[in-house]
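Per numbering that gives the first Met the number 0, the sequence shown starts with residue 0, numbered consecutively. A short worksheet on the structure shown next.
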Amino acid sequence: MGTRPASSFVIYEGTGEFSRYSAARFDGDAVVIDFRPNEDRPMVHVECVEGRDEGADWAGFLQVVSDHNKGKWIDSSDGWVTAVSSKSGIAPVWFVDKGGYYELWQGRDKDRPLSNWDGKLRFSVGARKNPGRFNIK
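Written as structure tokens, this is what we have:
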């Protein structure tokens with residue numbers, strides 16, 4: 000925990016071991032967590048670009064490196080997490096180290112936490128009291 004990866008990684012929900020069923024996946028351009036085995040939805044593999052560290056926390060822009068949506072950027076300007084074609088206007092994603100998991104926040108000032116809303120991932124001010132628990136592999 001607390002170390003920005005030097006290579007690509009997958010974000011998954013939970014505090015335990017990695018499971019392909021809890022991995023972030025694409026549903027078109029949208030990013031979802033679908034606990035049902037659904038191999039038709041490719042996992043979201045990203046790299047942290049223009050990263051920075053702040054103690055045990057780290058941040059950067061997330062660029063898709065998997066075949067589906069390759070080269071696009073992860074963003075949530077409208078709340079729902081999607082892959083967008085341009086980095087222009089998007090905010091960095093923070094990985095806030097909580098020991099056995101990360102809270103993910105978007106915004107230069109860690110404005111909006113990531114949470115799972117019925118399977119769809121969303122960065123939302125409304126989730127400030129209950130941010131999701133995520134990990135990377």
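Just so it is clear, CB atoms sit at the ideal spot from N, CA and C, and this is done for glycine as well.
- Sorting F60, V31, G54 by C-alpha distance to the C-alpha of C47 places F60 at the top.
- Note on the segment 77-109: whole beta strand (DSSP E) runs with a minimum of 3 residues are 81-83, 92-96, 101-105, in chain order.
- The continuous beta strand (DSSP E) containing S114 extends over residues 111-116.
- Within 10 angstroms of the beta-carbon of A22 lie 16 or more other beta-carbons, which makes it buried.
- In the structure shown, the three-state DSSP call for V124 is helix.
- Here G118 is near V31, since their CB atoms are less than 9 Å apart.
- DSSP places V43 in the coil class of the three-state scheme, outside both helix and strand.
- Beta-bridge analysis with DSSP links K119 to V31, W116.
- Restricting attention to W93, K97, F8, A29, the CA atom closest to the CA of S84 is found in A29.
- K71 sits buried, since 16 or more C-beta atoms from the chains shown fall within 10 Å of its C-beta.
- Around R51, the same chain offers A58 as residues with beta carbons nearer than 6 Å, after the five sequence neighbours per side are excluded.
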